[in-house]
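Inspection log for the structure reproduced underneath, given as structure tokens.
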Amino acid sequence: MTEKAPAYAILWASQTGNAEWIAKNIHKEAETRGFKGECFVMNEYELANMDKTGVLIFVTSNTGDGDPPDNSSKFWRFLRRQKDKEYFARCKVAVLGLGDTNYSNFNNSAIRLEKKVRDLGATVFYEKGLADDAEGLENVVDPWIENLWPVLSDYCEKKDTGVDPNAKLAAAMSEVKISPPTDADIAAQEPYSMTNRREKLPDVVTPYTTLQNSLVMNEQINGDANAIAGHKIHIDTEALANATQLTGLPRIPAASAKLVALDKGTEPSQKGSVPQFVYTPTPVMDAVVSKVSCISRKGALKRTLHLELDLGHETDFQPGDAFGVLAPNDEDLVQAVLRRLDIKTAEQEMQMYAVQGDDLPSHLKHATCVSMVDLFRYAVDITTAPRKALLRLLGEYTTNAQEKNQIMFLCSKQGTAQFNALREQQPTLLDILTTFPSCHPPIERLLDTLPAHMPRYYSIANSPLAHPRAIRFAFNIVQYTTADPYNVARKGVATTWLDNLTGMVEAAAHDAEPTLIDIAVKERIVVPIFFKINNNSFVLPTDTSKPMLLIGPGTGIAPFIGFLEHRDEQRKIRNSLGGVGAFPDRDIANDFGEIRVYYGFRERNKDYLFNTELEEFVQRGVISSLELAVSRESEKKTYVQDLIRRDKQELYDFIVNKGALIYVCGDAKGMATGVHEALADMLVEYGNMEKMEAIRTLTTWITEKRYLRDLVRYQSLRDLLAQYNANKTRQIYSGHKHHIDTLTT
7 MTEKAPAYAI LWASQTGNAE WIAKNIHKEA ETRGFKGECF VMNEYELANM
57 DKTGVLIFVT SNTGDGDPPD NSSKFWRFLR RQKDKEYFAR CKVAVLGLGD
107 TNYSNFNNSA IRLEKKVRDL GATVFYEKGL ADDAEGLENV VDPWIENLWP
157 VLSDYCEKKD TGVDPNAKLA AAMSEVKISP PTDADIAAQE PYSMTNRREK
207 LPDVVTPYTT LQNSLVMNEQ INGDANAIAG HKIHIDTEAL ANATQLTGLP
257 RIPAASAKLV ALDKGTEPSQ KGSVPQFVYT PTPVMDAVVS KVSCISRKGA
307 LKRTLHLELD LGHETDFQPG DAFGVLAPND EDLVQAVLRR LDIKTAEQEM
357 QMYAVQGDDL PSHLKHATCV SMVDLFRYAV DITTAPRKAL LRLLGEYTTN
407 AQEKNQIMFL CSKQGTAQFN ALREQQPTLL DILTTFPSCH PPIERLLDTL
457 PAHMPRYYSI ANSPLAHPRA IRFAFNIVQY TTADPYNVAR KGVATTWLDN
507 LTGMVEAAAH DAEPTLIDIA VKERIVVPIF FKINNNSFVL PTDTSKPMLL
557 IGPGTGIAPF IGFLEHRDEQ RKIRNSLGGV GAFPDRDIAN DFGEIRVYYG
607 FRERNKDYLF NTELEEFVQR GVISSLELAV SRESEKKTYV QDLIRRDKQE
657 LYDFIVNKGA LIYVCGDAKG MATGVHEALA DMLVEYGNME KMEAIRTLTT
707 WITEKRYLRD LVRYQSLRDL LAQYNANKTR QIYSGHKHHI DTLTT
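With the working numbering as the guide, the letters of the sequence shown map in order to residues 7 to 751.
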């Protein structure tokens, strides 16, 4: 048997907080089980003494199209530059990846990481786990962690604590007995009893959204017609009726956060217009809204806004760069959640706290002087459907036995189907607390468990050569109804906030130009933003003679508008110079490569976004070929991938022989997959390749930055379209980063 290592080290990389949360919980449970070790973010790899640590456990998520998270960039740079092929020779490693099968490069970061450390001498002691967010991360993560412990015992020293770990881990993925409800519990849950089902909310709170009825209620759970209401979740507990034990429950998240009240009169720390504790990888800028227009027309499936932000000074950016918007959670929802948690918000606006703890999540580490209200505005996510660990925690603070049994059932193995049904309803934290009125979790425990509130990213749709002090971007307003049979109205966080800030601009008629509103003349509206570090090379090539193929449906065209405007400005500059140097008669056109654009949308008179700009680029010779896939103007639906297949012979010559770079911006699940398949078929037919060879060739192109993709995941948009058709309403809008989806085509 191999000599056991005295300690382990866990290194994590996380874009949204999931991998961090999982890694830290593995670390805490390992310590409880008697193992000794430490936990680090990957960019702090030097602290881990990796080459001297016998056991390394890596937990990594993915961002973009299989790229590593931002907080692992230094670590990856170290790996790429490492020349010692035996650097990890003393190390036993295990890798857990969090990915999404909607992307073709599923869990690419985890797969690459395991290969790289093996190439540098490491031995894999436990098969890697590749969790799929499309199916539910818990399906892989939970059993991977549970099966890790006996294997880890073979490779890492374990201190005998004298206590059965399963006894010490009372909240383990073990069995819990179902407590029979009391008569009072049953009475409180009687369908026609409104006891504990109405929350008195402050008079000042205005409606968050108009919520439709659920299957189990015929009215909103709301004691005040003018207040925001939580929506009771529909739960089918038929399988719970005969259960006496539940298995496979997640462990209760470890306690860490402590709120320490600061002296009265302490002023909050601000970073521009957002609290100081909000972490961003680059400095926060208070951009001012200068112009806004609605660029979709009346009757379009989505309402699309185009905003211009004044940065106040010339800024170094490139077309295709992304920037983050620091939009707060909806104010009415924040107030209602705090009221439900028995927090007096008027008092808490003035009271400052320091969030303290030994192992705080990253998004709370700098919260040293912050109000309770700002924590719920900017620190934690209160709109995303819960993970099982949150439900497990809430169960500990639920006094009604019947409600507690339901919560435990939802996060158990037996309640998997019901948990998935709950997630389809996309409940907010307020909805969950409304559904279980006897649940009263402490604020500190919620801070331990709620995920981080994330910035929303958008692509820049202009050139710094044309607008050096401004950035422009386009997005769809997120407003939709969850799928049948739930039918609950939901809104996006950032797009709704931006829409409200700019006055909810209406769409113009089919034959009218969009109304451009000069906001700066009316008032000063500030949007806190920061620039995202561009690690994926989704920018224009520095060689202007390089030909390009640009593919993007819907608002996926937005970054390409920036590309084209930049090339247009470069052509103007080159034209102004005339003949230069030793080649006075040089043809200026040869300095700029051919650009072919494939753009998809539903209907020309409703959602042909940027039509004026695109047609002008064609007239000026910036665009060599503009191919439009219009999907709803004939019986045969045409998408951009269909046009790629139609033109595959000439595109093969354009890409393979002329060296064109391929850029794809859009939906990862539908459009991007279809384009990828069409390109593979092109290589099979005209490159004389087998299908697997063609796919490997595309992967090589991605690695070589010849095939660049900026993709967005949409999980239920086709369901939304079905809902749209069923309800005969034009009020279902959808969006995300770049706010692109297959519905636009």
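Just so you know, even glycine gets a beta-carbon here, dropped at the ideal spot from N, CA and C.
In this text the structure is predicted, and so the values were computed from the model without any measurement.
Item: Limits of the beta strand (DSSP E) - the one that Asp316 falls within; Value: Thr310 to Asp316
Item: Selected residue, minimal CA-CA separation from Leu317, among Ala328, Val532 and Leu246; Value: Val532
Item: Residue of Cys417, Phe64 and Leu339 minimising C-alpha distance to Ala395; Value: Cys417
Item: Beta strand (DSSP E) segments (min. 3 residues) lying fully within the segment 250 to 329; Value: 264 to 267, 291 to 300 and 310 to 316
Item: Residue range of the beta strand (DSSP E) that includes Glu65; Value: This sequence places Val at residue 65; Glu is not what is there. Its beta strand (DSSP E) spans residues Val61 to Ser67.
Item: Thr390, DSSP secondary structure in three states; Value: coil
Item: Proximity winner among Ile557, Lys612 and Ala140, relative to Arg602 (alpha-carbon distances); Value: Ile557
Item: Three-state secondary structure assigned by DSSP to His745; Value: Confidence at His745 is low in this model, with a pLDDT of 31, below 50, so its placement is unreliable and the value that follows should be read with caution. The answer is coil: DSSP assigns His745 none of H, G, I, E or B.
Item: Gln88 (DSSP reduced to helix, strand or coil); Value: coil
Item: Where Lys30 falls, given that 16 or more other Cβ within 10 Å makes a residue buried; Value: buried
Item: Exposure label - Thr561; buried when at least 16 CB within 10 Å; Value: buried
Item: Stretch pair the segment 644 to 662 + the segment 620 to 635: three plus CB contacts closer than 8 Å; Value: yes
Item: Rounded distance between the beta-carbons of Ile668 and Leu714, thought under 8 Å; Value: 7 Å
Item: Residues of its chain near Thr216, where Cβ-Cβ distance is below 8 Å and the 5 sequence neighbours each way are ignored; Value: Because Thr216 sits at a pLDDT of 29, beneath the cut-off of 50, its placement in the model cannot be relied upon, and the following sentence gives the value as read from the coordinates. Taken in chain order, the residues that qualify are Ala495.
Item: Per DSSP, the bridge partner or partners of Gln412; Value: Gln412 pairs with nothing; no bridge assigned.
Item: Enclosing alpha helix (DSSP H) for Gln655 [first to last residue]; Value: Lys654 to Tyr658
Item: Outcome for Asp348 when other beta-carbon atoms lying within 10 angstroms are tallied against a minimum of 16; Value: exposed
Item: N-terminal and C-terminal residue of the beta strand (DSSP E) that Tyr359 is part of; Value: Met358 to Gln362
Item: Three-state secondary structure assigned by DSSP to Tyr645; Value: coil
Item: Extent of the continuous beta strand (DSSP E) to which Gly672 belongs; Value: Leu667 to Asp673
Item: First through last residue of the beta strand (DSSP E) which encompasses Phe46; Value: Gly43 to Val47
Item: Ile557, enclosing beta strand (DSSP E) - first and last residue; Value: Met554 to Pro559
Item: Nearest-angstrom Cβ-Cβ length linking Pro367 and Glu683, presumed shorter than 8 Å; Value: Not quite, the Cβ-Cβ distance comes to about 39 Å (not below 8 Å), so this is no contact.
Item: Closest residue to Thr672 among Phe607, Gly665, Ala686 and Ile708 (Cα-Cα distance); Value: The question names Thr, but residue 672 in the sequence shown is Gly. Ranking Phe607, Gly665, Ala686 and Ile708 by Cα distance to Gly672 puts Phe607 first.
Item: Every unbroken alpha helix (DSSP H) inside the segment 444 to 512 [4 residues or more]; Value: 449 to 455 and 500 to 507
Item: Proximity of Gly401 and Lys410 at Cβ, strictly below 7 Å; Value: yes
Item: Cross-strand partners of Asp380 (DSSP beta bridge); Value: In DSSP, Asp380 forms no bridge with anything.
Item: Candidates Pro287, Glu133 and Ser302, of which the one nearest Asn49 by Cα; Value: Pro287
Item: Tyr692 in three-state terms, based on DSSP; Value: helix
Item: DSSP-derived helix/strand/coil call for Arg398; Value: helix
Item: Phe598, enclosing alpha helix (DSSP H) - first and last residue; Value: Counting along the chain, Phe598 falls outside any alpha helix (DSSP H), and DSSP gives it neither H nor E.
Item: Leu17 - DSSP class collapsed to helix/strand/coil; Value: strand
Item: Every unbroken beta strand (DSSP E) inside the segment 76 to 161 [3 residues or more]; Value: 98 to 105 and 129 to 138
Item: Sheet register partners of Arg2 (DSSP bridge); Value: Absent from the structure is residue 2, since the part of the chain shown begins at 7 and ends at 751.
Item: Backbone secondary structure at Phe569 - three-state DSSP; Value: helix
Item: Identity of the residue in Lys80, Phe536 and Val628 nearest Glu571 by Cα; Value: Val628
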